[in-house]
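In my numbering, the protein residues as written are 604 to 1323.
Written below as structure tokens is the structure these notes are about.
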């Protein structure tokens, strides 16, 4: 990969965004201006008729599809649900990655290895959700090795997080919860938006988002969303260039029928930051003669380091409602990914001041198919109201995974790095083709009865076939098939004052692909018990949730972030804790969000190493908390000015399996200032205001990552 200067990509991004502004100016006459009188809301044309996938009013979402697959009030889902909408993402300055959007969400650990531009990492209720817990529009974005798709937050309307098992709805899924990213969709009214910006590292961006009718048609609307970004990153020598384009077309021949077809193409070309692979000694604690490794230290080779991917997706959404009330829905998506990684990574200490390095090369090609078809209806029976749903879904994932590596790829001194030295040749690590087919049959009944009672019943059967072709050692190739039932039962009572207590029990089945420390990976199985209270006040716009839970998981599996990138199955684990979350649009001036979570994960069974029983896996902190306040001036000479500020607290976690080395707690402050005038918005966001140097977490003694340095991000946007 040819090295390029960061300012070139910034100039390209800014030039592109200026062009976008010019295009919009030509269309100003037919664009609708945004409503500037209601401060908490950004009006994006007319929202989709499905409010569960449409824009969120301020910070408070009232409906979701994540916990039922149907448009359902959040208070009726018998599990905790968190939603981050576009307004919140804009206020907090979410620009680069989706995991940034979940920094204030209770029970979610986002970016546990620190800054990683090409991967979004999530832990939910103590369990890694990166492989089987990421969804786009309710369809799984499965990943294995380096075969994971990445979504830009600019293409999203909202991010919904369902806490706890979701197998009854989606089949194989992380038992701690799922992240369901909901893309923007064509609007019924004209909407033209552009933005451009740059951060203090010299990384700039420009984006556009247009939606309107197709010509004079009354039945067709389109949406075209795109972005380009690039420039320098915070570590020495690191830079990137990335972007995407997403066209969509919706055809609605009548009020009962809607078809949306969409496509997406995106890519990334980068020199890695090198974060996430640093040793415990030298980051969390001082090392003699070194102290702490600089946050902006680059441990790779600037002229060799390569990280790039190209990904494409195409899909459709179809729904039709018959006169007798039956509704048919079909969603489909195909995705293809090519990803290439090359360069040395650090691995523990070679001498007092020099790090070992591992040479690595990864060449990945992945294909993903997800298809979901269901019917639903609502009817009265024996004094109760039933909202029933039944469906079948299919999932296919295939990855061609080639990885080469070598230990001893030339050490590098952290105090006086010398780059350009000869590198040892890589040898084969993995050369495999892995394919998984999964088909599931599911049913759901949401029953309203009595004076406020709600019962939710789910059942599902999944069949999974996996084929593992090891081209290095054919004798270790295998194929396997698994079948399992999963279920959920929930009970809630809705009081007239907005309080809804609930309780639920659910089982899960989470098939994995690949091999681990004990051969082919076994499916993760188990159950969760959850109880809580949801409160939607009648006297202000808010949503408050309190929940307690216990998850028992068998065949507990963790990913190793450093070479040789293996997976470990540790036996059985238990996660228990509580979560508190409040989101409030207090009035047209104040918006507030607050959260507190406690998570206690312990290994309860480990036949391979009984010394780990009772220990807590690395990465998972005991407590997390957050608070964000946002105030908008709506009258007087300062009308249009907004000020925001927040804090993120992460409790201590462990850096090793035997719980002898701690990663200390950290508190980080963020701030924002915005000014809105005549549909123009200028904003300045600051993450880590006091430039605190801290480690996010460690996935072992050689896999620690620094949290973000203080970063200023300026953005100028306009609704035309």
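Cβ atoms here follow ideal geometry from the backbone N, Cα and C, with glycine treated the same way.
Pair within 9 angstroms by beta-carbon distance, residue i and residue j
i, j, result
"residue 751", "residue 737", "yes"
"residue 906", "residue 838", "no"
"residue 670", "residue 1316", "no"
"residue 1326", "residue 1066", "Since the displayed the chain opens at 604 and closes at 1323, residue 1326 lies outside it and no answer follows."
"residue 949", "residue 1057", "no"
"residue 1320", "residue 796", "yes"
"residue 1112", "residue 774", "yes"
"residue 1032", "residue 1007", "yes"
"residue 1146", "residue 655", "no"
"residue 1030", "residue 904", "no"
"residue 1275", "residue 1248", "yes"
"residue 947", "residue 1026", "yes"
"residue 1184", "residue 1196", "yes"
Buried or exposed by the 16-neighbour rule on C-beta atoms within 10 Å, applied to residue i
i, result
"residue 704", "buried"
"residue 1158", "buried"
"residue 1095", "buried"
"residue 856", "exposed"
"residue 673", "buried"
"residue 1143", "exposed"
"residue 1306", "buried"
"residue 962", "buried"
"residue 778", "buried"
"residue 1253", "buried"
"residue 885", "buried"
Range of the contiguous beta strand (DSSP E) that encloses residue i
i, result
"residue 1057", "1056-1073"
"residue 786", "780-786"
"residue 1053", "Looking at the DSSP string, residue 1053 is not in any beta strand (DSSP E), and its letter there is neither H nor E."
"residue 849", "842-857"
"residue 936", "930-952"
"residue 1002", "987-1010"
"residue 868", "860-874"
"residue 823", "823-835"
"residue 1157", "1144-1157"
"residue 1129", "1127-1138"
"residue 916", "909-924"
"residue 1323", "Per DSSP, residue 1323 belongs to no beta strand (DSSP E) and is neither H nor E."
"residue 981", "957-984"
"residue 1269", "1269-1280"
"residue 765", "759-766"
"residue 1285", "1283-1290"
"residue 1019", "Residue 1019 -> no beta strand (DSSP E), and no H or E assigned at all."
"residue 798", "794-802"
Spatial distance of residue i from residue j (CA atoms)
i, j, result
"residue 908", "residue 719", "15 angstroms"
"residue 952", "residue 959", "6 angstroms"
"residue 1264", "residue 883", "9 angstroms"
"residue 987", "residue 977", "23 angstroms"
"residue 1151", "residue 1314", "36 angstroms"
"residue 1322", "residue 1049", "40 angstroms"
"residue 1268", "residue 715", "13 angstroms"
"residue 1038", "residue 1232", "47 angstroms"
"residue 931", "residue 970", "27 angstroms"
"residue 1060", "residue 966", "44 angstroms"
"residue 794", "residue 826", "9 angstroms"
"residue 816", "residue 858", "16 angstroms"
"residue 650", "residue 659", "Interpretation of residue 650 is limited by its pLDDT of 47, a score under 50 that renders its predicted location unreliable; the figure taken from the coordinates is listed afterwards. Residue 650 and residue 659: Cα-Cα distance of roughly 10 angstroms."
"residue 639", "residue 680", "Low local confidence applies: a pLDDT of 34 at residue 639 is under 50, so the model's placement there is unreliable, with the coordinate-based value given in what follows. Roughly 34 angstroms between the two C-alpha positions."
"residue 1225", "residue 1208", "20 angstroms"
"residue 573", "residue 901", "Only positions 604 to 1323 of the chain appear in this structure, which leaves residue 573 out of reach."
"residue 1308", "residue 1301", "7 angstroms"
"residue 1242", "residue 1234", "11 angstroms"
"residue 1266", "residue 683", "28 angstroms"
"residue 1283", "residue 813", "16 angstroms"
"residue 1108", "residue 1202", "18 angstroms"
"residue 1220", "residue 771", "27 angstroms"
"residue 1075", "residue 657", "48 angstroms"
"residue 1043", "residue 1312", "45 angstroms"
Inter-residue CB distance, residue i and residue j (contact presumed, cutoff 8 angstroms)
i, j, result
"residue 956", "residue 1021", "Between residue 1021 and residue 956 the Cβ distance is about 12 angstroms, and since that is not below 8 angstroms, they are no contact."
"residue 829", "residue 848", "4 angstroms"
"residue 677", "residue 1179", "Wrong, their Cβ atoms sit about 23 angstroms apart, outside the cutoff."
"residue 801", "residue 807", "4 angstroms"
Bounding residues of the alpha helix (DSSP H) (the contiguous stretch that carries residue i)
i, result
"residue 693", "689-695"
"residue 773", "770-773"
Cutoff 9 angstroms: residue i Cβ touching any chain C Cβ
i, result
"residue 1233", "Going by chain labels, chain C is absent from the structure shown, which holds only one protein chain."
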